[in-house]
Structure formats: C-alpha cells, structure tokens
Amino acid sequence: KFLTWLIVLSLIVAVFSPLSAYSQADEVSYAIRNALEYLRGNQSEDGSIGGFTNSIWVTLALVAAGENPYSWRVDDGPSIVDYLKSRVKEFDDVFSWEKLILAAVSVGENPYNLSGVNCVEKLKKFYDGVQIGDPKLLNDDFWGLMALVAAGENLDSKEVKSVKEYILKNQNKDGGWSFALNSTSDPDDTAAAIMALVAAGENKSSPAIIKALNFLRSKQTSDGGFAWIGGSNSISTAWVICALKAVDENPYSWVKDGRNPIQFLLSLQNSDGSFNWTKLNRMNPIYTTACAIQALAGKPYPIKNPQQTHGKKMFSWKSLGILQVKDPKVYVRVEGSTETLYEGWVNLPERVNVTASSGKVYTLEPCPLTALYIATNGNVGVNDAWYPGWDLFVDSVYGEANQGYYGWMYLVNYGVPPPCGSGFSWLTSFGPLKDGDEILWYYSTRTPLKLVVSDSEVYVNENFTVTVYYLYLDLDTWQYSWKPIKDADIYVDGKIYGKTDDNGKLVLSFSSTGEYWIYAKKAGNYVKSGKVKVKVSTPPEITKLLKIRKEAEEILASTGNVSATYEFLVSNGLIRENITSIPDYLVNTLTKFYGSKLEMYPTFEGRIQLLKVLGIENVTITKEVEILKPNRTLSLSEVPKVLEEAKNILSSEGVNEAYKFLVENGLIVRQLPSITDETTRVLLIQAYGKKLEMYPTFEGRIQLLKILGIEAT
420 KFLTWLIVLS LIVAVFSPLS AYSQADEVSY AIRNALEYLR GNQSEDGSIG GFTNSIWVTL
480 ALVAAGENPY SWRVDDGPSI VDYLKSRVKE FDDVFSWEKL ILAAVSVGEN PYNLSGVNCV
540 EKLKKFYDGV QIGDPKLLND DFWGLMALVA AGENLDSKEV KSVKEYILKN QNKDGGWSFA
600 LNSTSDPDDT AAAIMALVAA GENKSSPAII KALNFLRSKQ TSDGGFAWIG GSNSISTAWV
660 ICALKAVDEN PYSWVKDGRN PIQFLLSLQN SDGSFNWTKL NRMNPIYTTA CAIQALAGKP
720 YPIKNPQQTH GKKMFSWKSL GILQVKDPKV YVRVEGSTET LYEGWVNLPE RVNVTASSGK
780 VYTLEPCPLT ALYIATNGNV GVNDAWYPGW DLFVDSVYGE ANQGYYGWMY LVNYGVPPPC
840 GSGFSWLTSF GPLKDGDEIL WYYSTRTPLK LVVSDSEVYV NENFTVTVYY LYLDLDTWQY
900 SWKPIKDADI YVDGKIYGKT DDNGKLVLSF SSTGEYWIYA KKAGNYVKSG KVKVKVSTPP
960 EITKLLKIRK EAEEILASTG NVSATYEFLV SNGLIRENIT SIPDYLVNTL TKFYGSKLEM
1020 YPTFEGRIQL LKVLGIENVT ITKEVEILKP NRTLSLSEVP KVLEEAKNIL SSEGVNEAYK
1080 FLVENGLIVR QLPSITDETT RVLLIQAYGK KLEMYPTFEG RIQLLKILGI EAT
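If you're matching positions, the sequence shown starts at 420 in the numbering used here and goes up one per residue.
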C-alpha cells in the first residue's frame, strides 16, 4: 500500500496514440517527420497545399501527426485552415461537404457555422431518407456517415441510423464493400466502410466487421500491402491500416510472406519525404503522402477534436496565481511495459473534460493528464475514489492497468520528481506547461533514460559528447536523481552509432551538414531516452558561399543552363567574368609548384583562397621555405578565432609568421609557394583572361567552380 501510494505521488504524464502496437516506432516517427517536411515545402502563399481537396487530406494528416494546422502558413500569410474556410462557398457537392466537415471537426472548428455556412445542413440536403448522395454509389455513404458522426450528430438520429443500416445491407457476400452497388469489393472502400460503421457505434467484433476483416486479409499481397487494381499502392494500404486501428487490430501482426502493411508503406517513401502511389508511380504525391501520415500516425478517420462541454471544474492555474501559456503544444511519449506506445506533438486546448471512474466529469486546464487524455482519445482509466485527497489517479492506459507496486508515472522535461512522501499534487508538481515541453508517461516496471549532448550545434567533423543517465531512486532517502549509465546504445536517425563508456559518455562527430536526431536505448527494463536534435553546419567563413552555391545549383538543376548559373553568380559579386575549368597542362604545371598530392585546404586552389580570405594578397613565400607541420588538431568551432589571430600576426609580424601560426594550428597542412614562374603565368592568362579578375583572384575563381561542382563547362 505504501509503495502504491508512492506511485500516486510520482505520476508522470504523457500521451498515447493508436501507434501503440508499433514495434518500429523509431522508423515510423522518422518517416512522419520527413513526410511533414515535404508537405510544408509545398505550401502556397494562400495557405493551400496542393489545392482544395488535397488541403483537406493534409489538414487531417497534420492533426493525426500532432501538428497544429493553424500554424502551417507561409510567413505571415493565411494558414491552411484559413484557406479551407475561405473556400466554403465555392462548391456544393456531397464529397466536398463530407471531407470538409471531417477537416473542420479535426481542428476544432464548428461545422454548423463555418465561415457563416452550416456544412452539416448542406450535407443533409443530399440525404434522401435512406442514403446520402448518388443512390448508385456507396462511397459517399461511408464518408457521409463519418462526417455526421464527427460533427456530433446523435447516433440515434434518423440520418445516422438509416445510413448505417444501408451500408450494412449492401455488404457483399465476400465480406467487402465496393464504391458502388453491385460491384466487386475492394480494400479501399471496405476500409472506409469499417471506419464509418465503427464510428457510428458498430461493435468492433460484430459479424459484419469480422467478415470485412477476413476479406481484407484475403486481399493482402505478398509485399504486405493492399491493392485496389494492379499491384499494392499507398492509398489502399494506408486506409486499411487506419481501419485496422479503428477496430484495435495490430497492423504489424498482419504479415504476408514475411511482410506487413507498415513495412510496405514505408518502402514507398522517397528521399524528399513524399510517398509514391506504387513502386514506380508517383501520382499526386501530396495526397498519397497525407494518407500515409494518417496511417503511420495510427489515427483512423474520423478524427474528433476533444470537446469541452460542461463538468466539474477541478483545477485552474489561475487560481494559484500562475499565468498558463494559452494552448501550449507539447511533445508527448508513452512507454508501456514492453514497447513505445506513442510519440508525437499534441496541442492542448484551454479546457478538457476528463471522465473519472465515478462517472464525474472534471474540467482541467493544460496539464500532463489532459495531454494523455487527448492523445488516447480518452482511453485512460482515471480513478477519483482511491486517493481523493491527492486529486485524480491514472490506473490504466489503453487497457494496460496498474498491478501491485507498478503503474503509470510521468516526467516533464526529464526533471527530477519530488521526493516520495513530500505530499505534492501531481497536477502542479512540475509547474504549468509551455510550448515545447516534453512529457514522458511510462509504466514503472521500466526505468527511464535521459540523453544530454554537450553541444546541440556543431561544425562538420567537430567532436561533441553525449551522456546517458538513468533515473535512480535512493530507497534510504526516497530521493530521485539521474546517474550515468554505461553500455547504453546510441542511435543516430534510427541507426546505432556506438555504446557509452563507464561514465555514460560517447564522443560523436558528423562529416556532413544537416540535422541529426540522437537517442539512447539499453537492453533490459529501460525506457529509451527522448530524441535530441543536433545541428551540424559549415564553418562561418564559407556559410555565405555555400548558401549562394545552393541557389546556383538549383538554377543549374532547374534550367540546365550554365550561362544562367554564371550570370547569377556574377550578379551576386562572386564572379566577374566567365572562365573555363583547368586544362590538363595547367594541372601538371600547378602540380609542379604545389606538390604531387595537392593536399590543400580543401584543394590547392582552396589553400590559396584561404590566404585571400585572410587578406594576404601578395604572397612572397618561395617553395624553399621550411616545411612546417601542425602541432594540434583544430576544432572547426575554433576556426573564426584562429583566423582573427592570424590576421593580427600578419599585420604585426608579417606573412611568414602568419603562415607559421596557421600551419601550427592545423589550418594549413603544408606551406605553399607563390606563382613566380613566368611560363605558368602566361599559361594562366591564356586560359583565364588577361585581367585575371577572379574571386578574389584567379585561384579563388577556380575554387568557386569546384565548390559548385562545375568541373568542366
């Protein structure tokens, strides 16, 4: 009893998603993140992403992935929700009303008054007393039923009851449904029918649902996916995954020839984050990507925004004199006793009603429990009778209940929980939530890990350290603390990098720029750490150059026009005249003066360019000068400081000392002579023009071409 009471005191909040059964949560999370980036890159200034219909599917996908669609905009332009609301009066077809209602409800808009239009009444005009829309079609009934239920229509209303009965009546003998009456069953429409029926109250184990699932299983192909016509495709597979989640089936358990639908769907993702329709067909990638996100997030249609109705007001930050951030967006993770149940962003509304075991409804402001409640769509066991003096008690999440001494606990931002027995309320133990907070709910048979990086922004090839800790409870003092742990596996973007040492540390470095997500796991009863992002960039000296390089590469790729690329570079002051690449005879001549290996920084032209960056215009060093060697390895983050010191030495002590300083600090591997051979000079003038007005010299111009990857023009 005492330990059970301690669990109450240490409750830790997070969020669950229908991804609960996924054993590849890391790969799925990474795929969703890349897919979202693809969609964001395709948003137009009016807020739309791929037009009206696609914008509806994208909005649903954003909500499923825990994104806030209201923040999806270009600069200060309208959001994707603003765009949809602006188009309400521009159409009047049944499918548009159905899908728009689903999108409106998912973001918390009122479908009965959306930009002054009652979308639900508009949809009901297509109801003929038995079914919705075209009497020869069934798919308008599937989505129409979902829309009515999502909008809050009573399940006993004549529209909901008759449309549900109409769908059940027209189930084919093989257990499936088609888009039309008397047509061959297909996985897409069978999945939509399942989601519609379950939303309208059909028992998930009813004969109709069982027959439909058997039909779907019979249509699974050897690659793990599902097909409407031809081979497996992303839309059919995504909708089937959503239908499986609607009836609490585990998509990973649906295996055909060693492949499951999640694996097939992931196999269709491209390097830009989008999803193909089939292996070889990239049809409407915005639509296919949105549906893939919905499925990978484990959220079936329809998505209902938590409704704030009336209930007992239990908790308010304002009553404590604390200003709560309005509608904070928090990152939530739920770890069950054996696996990750959910990871993703959750938007917390101003008020959420939580129903407890007694039947009472409690109205709560943003706190760890509301995050958990929203993410699980209320699939949380909340007890208000066990310890009424300690507020509410979470005794189960998606059916995984507390047992004996073990149960559900939470952490916020990996802070140290208060001492056991200190008499805190779990609602206020970590303070009010704010944007960007990370909440971890975990089952206490496992111990949480925390990963800390020495620097979240580093340069290419610069070393940094990660340290992994585990949450330790001292049973003598009942105090929590974080302690280093050895042999923890460090993962980078889902791939293992190495293990921590006896001090819980591992040194990492990356050879390419980008953003890397790092986390830790350890065998045994441990909860993996949260993901930490490390940004890797180039040294400041070439950041501007690389930015212009990227723009030039885009011009070259889109136009194929080298001249246009050069004109862009000239207009940006980097090139003042066009030049050609280095001919072989010049390479031989330069090799003669600069060494056979040409190991410059990063090339022989680059070494001279470095001197020009330092302001050393008149190089007088000859090749007979003493060859120096570096006496230390220079961190890229130290480059700006070393360059500044080199400039000071140049002005006070001369070129030779500046060279010596740069060599000893690892910026120059070997010293270089200037070009004094008249024959070489003549050849260079012949090849590159008499003025030699390069950037900032002819060597610099060649270097620029190399950086741009233009080897021969």
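We treat Cβ as the ideally placed atom computed from N, Cα and C, and that holds for glycine. All values reported here derive from a predicted model rather than from experimental measurement.
Subject >> Complete beta strand (DSSP E) runs within the region 614–655 (minimum length 3 residues, chain order) >> reply: Taking only runs of at least 3 residues, no beta strand (DSSP E) segment lies wholly in the region 614–655.
Original post:
Counting Cβ pairs, one atom from each stretch, are 3 or more of them under 8 Å apart for the region 527–534 and the region 505–516?
Top reply: yes
Original post:
Thinking C-alpha only, which one of 460, 448 and 574 is nearest residue 713?
Top reply: The residue labelled residue 713 in the question sits at position 294 within the sequence shown. The shortest C-alpha separation from residue 713 is found at 448.
**OP:** Classify residue 940 as helix, strand or coil using the three-state DSSP reduction.
**Re:** If you number the sequence shown from 1, residue 940 lands on position 521. Strand.
Subject >> Per-residue burial, residue 648 [other beta carbons within 10 Å of its own, 16 or more giving buried] >> reply: Your numbering for residue 648 matches position 229 in the sequence shown. Classification of residue 648: exposed, given that the 10 Å Cβ count is below 16.
Original post:
Closest by CA to residue 562, which one among 581, 603 and 608?
Top reply: Residue 562 sits at position 143 when you count from the first residue of the sequence shown. Among 581, 603 and 608, the Cα nearest to that of residue 562 is on 608.
Original post:
If you check the beta carbons only, do residue 579 and residue 619 fall under 9 Å apart?
Top reply: If you number the sequence shown from 1, residue 579 lands on position 160. If you number the sequence shown from 1, residue 619 lands on position 200. For residue 579 and residue 619, yes; Cβs fall inside 9 Å.
**OP:** Check residue 590 in the structure and name its three-state DSSP category.
**Re:** Within the sequence shown, numbered from 1, the residue matching residue 590 stands at position 171. Note: residue 590 maps to coil in three-state DSSP.
Original post:
Given residue 706, which residues of its chain have a CB within under 6 Å of its CB, disregarding the five upstream and five downstream residues?
Top reply: For the purposes of this step, residue 706 is identified with residue 287 of the sequence shown, where counting begins at 1. Cβ neighbours of residue 706 beyond the five flanking positions: 473 and 476.
Subject >> CA-to-CA distance, residue 716 to residue 819, given in whole angstroms >> reply: Translated into positions along the sequence shown, residue 819 becomes position 400. Translated into positions along the sequence shown, residue 716 becomes position 297. Cα-Cα distance, rounded: 20 Å.
Original post:
If you pair each beta-carbon of the region 919–938 with each one of the region 891–901, do three or more pairs fall below 8 Å?
Top reply: no
Subject >> Segments of 3+ residues assigned as beta strand (DSSP E) that fall wholly inside the region 778–838 >> reply: 780–783, 799–802, 812–816 and 827–831
Original post:
Just checking my contact of residue 937 with residue 924 at CB under 8 Å: how many whole Å lie between their CB atoms?
Top reply: The sequence position of residue 937 within the sequence shown is 518, counting from 1. The sequence position of residue 924 within the sequence shown is 505, counting from 1. Residue 937 to residue 924, Cβ: 13 Å. No contact.
Original post:
How far does the beta strand (DSSP E) with residue 886 in it reach, from first residue to last?
Top reply: Mapped onto the sequence shown, residue 886 falls at position 467. In the DSSP annotation of this structure, the continuous segment of the beta strand (DSSP E) that includes residue 886 starts and ends at 883–893.
**OP:** Would you kindly work out how many angstroms separate the C-alpha atoms of residue 802 and residue 682, rounded to a whole number?
**Re:** For the purposes of this step, residue 802 is identified with residue 383 of the sequence shown, where counting begins at 1. For the purposes of this step, residue 682 is identified with residue 263 of the sequence shown, where counting begins at 1. Looking at the two C-alpha atoms, the distance is approximately 38 Å.
Subject >> residue 482 classed as buried or exposed, judged by whether at least 16 other C-beta atoms fall within 10 angstroms >> reply: Within the sequence shown, residue 482 is the residue found at index 63, counting from 1. By the Cβ neighbour-count rule, residue 482 is buried, with 16 or more other Cβ atoms within 10 Å of its own.
**OP:** Give the DSSP bridge partners of residue 694, in chain order.
**Re:** The residue you call residue 694 lines up with position 275 of the sequence shown. According to DSSP, residue 694 bridges with 688.
**OP:** Taking residue 549 and residue 585 to be in contact with their CB atoms under 8 Å, please state how far apart those CB atoms are, rounded to whole angstroms.
**Re:** Here residue 549 corresponds to residue number 130 of the sequence shown, with the count starting at 1. Here residue 585 corresponds to residue number 166 of the sequence shown, with the count starting at 1. With 8 Å as the limit, residue 549 and residue 585 qualify as a contact, their Cβ atoms being about 6 Å apart.
**OP:** Look at the Cβ atom of residue 653, then the Cβ atom of residue 696, and state whether they are nearer than 9 Å.
**Re:** Counted from its first residue, the sequence shown places residue 653 at position 234. Counted from its first residue, the sequence shown places residue 696 at position 277. Yes.
Original post:
Closest by CA to residue 640, which one among 655, 629 and 511?
Top reply: On the sequence shown, position 221 is the one that residue 640 refers to. Comparing Cα-Cα distances from residue 640 to each of 655, 629 and 511, the minimum goes to 655.
**OP:** Just the C-alpha distance for residue 913 and residue 687, rounded to the nearest angstrom, thanks.
**Re:** If you number the sequence shown from 1, residue 913 lands on position 494. If you number the sequence shown from 1, residue 687 lands on position 268. Roughly 18 Å separates the two Cα atoms.
Original post:
For residue 1029, which of helix, strand or coil comes out of DSSP?
Top reply: Translated into the one-based positions of the sequence shown, residue 1029 becomes position 610. With a pLDDT of 38 at residue 1029, under the threshold of 50, the modelled position of that residue is not reliable, and no figure is offered here.
Subject >> Nonlocal neighbours in the same chain, by C-beta distance under 6 Å from residue 493, ignoring five residues either side >> reply: The sequence position of residue 493 within the sequence shown is 74, counting from 1. Correct list, in chain order: 462 and 464.
**OP:** Kindly list the residues whose CB is nearer than 8 Å to the CB of residue 703, restricted to its own chain and excluding five residues on each side of it in sequence; keep chain order.
**Re:** Here residue 703 refers to the residue found at position 284 when the sequence shown is read from its first residue. Excluding positions up to five away in sequence, the list reads 469, 473 and 696.
Original post:
Thinking C-alpha only, which one of 485, 868 and 907 is nearest residue 891?
Top reply: Translated into the one-based positions of the sequence shown, residue 891 becomes position 472. Minimum Cα distance to residue 891 is reached at 868.
**OP:** Under the assumption that residue 860 contacts residue 816 (Cβ atoms under 8 Å), give the Cβ distance between them as a whole number of angstroms.
**Re:** Residue 860 sits at position 441 when you count from the first residue of the sequence shown. Residue 816 sits at position 397 when you count from the first residue of the sequence shown. Indeed they touch by this definition, with Cβ atoms about 7 Å apart.
**OP:** With a 10 Å radius around its C-beta and 16 neighbouring C-beta atoms as the bar for buried, classify residue 749 as buried or exposed.
**Re:** Counted from its first residue, the sequence shown places residue 749 at position 330. Buried: at least 16 other Cβ atoms inside 10 Å.
Subject >> Exposed unless 16 or more other CB atoms sit within 10 angstroms - verdict on residue 894 >> reply: For this step, residue 894 is matched to residue 475 along the sequence shown. So residue 894 ends up on the exposed side.
**OP:** Name the one or two DSSP bridge partners that residue 902 has.
**Re:** Here residue 902 corresponds to residue number 483 of the sequence shown, with the count starting at 1. Answer is 889.
Original post:
Is the beta carbon of residue 759 less than 9 Å from the beta carbon of residue 947?
Top reply: For the purposes of this step, residue 759 is taken as residue 340 along the sequence shown, with counting starting at 1. For the purposes of this step, residue 947 is taken as residue 528 along the sequence shown, with counting starting at 1. Result yes, Cβ atoms of residue 759 and residue 947 sit closer than 9 Å.
Original post:
Since residue 446 and residue 685 are thought to touch, with beta carbons under 8 Å apart, how far apart are those beta carbons, to the nearest angstrom?
Top reply: The residue labelled residue 446 in the question sits at position 27 within the sequence shown. The residue labelled residue 685 in the question sits at position 266 within the sequence shown. Contact holds; Cβ gap of about 7 Å.
Original post:
Distance, Cα to Cα, residue 772 vs residue 751?
Top reply: Locating residue 772 in the sequence shown gives position 353, where the first residue counts as 1. Locating residue 751 in the sequence shown gives position 332, where the first residue counts as 1. Going from the Cα of residue 772 to the Cα of residue 751 covers about 19 Å.
**OP:** Determine the direct distance from the alpha carbon of residue 875 to that of residue 551, and round the result to whole angstroms.
**Re:** Mapped onto the sequence shown, residue 551 falls at position 132. Mapped onto the sequence shown, residue 875 falls at position 456. Using only the alpha carbons, I get a separation of about 55 Å.
**OP:** Could you have a look at residue 1060 and say whether DSSP puts it in helix, strand or coil?
**Re:** Along the sequence shown, one-based indexing puts residue 1060 at 641. Here residue 1060 sits in helix by DSSP.
Original post:
The alpha helix (DSSP H) with residue 543 in it runs from where to where?
Top reply: On the sequence shown, position 124 is the one that residue 543 refers to. Note, residue 543: alpha helix (DSSP H), 538–543.
Original post:
CB residue 939 to CB residue 763, shorter than 9 Å?
Top reply: The count along the sequence shown starts at 1 and reaches residue 939 at position 520. The count along the sequence shown starts at 1 and reaches residue 763 at position 344. Cβ distance not < 9 Å, so residue 939 and residue 763 don't count as in contact.
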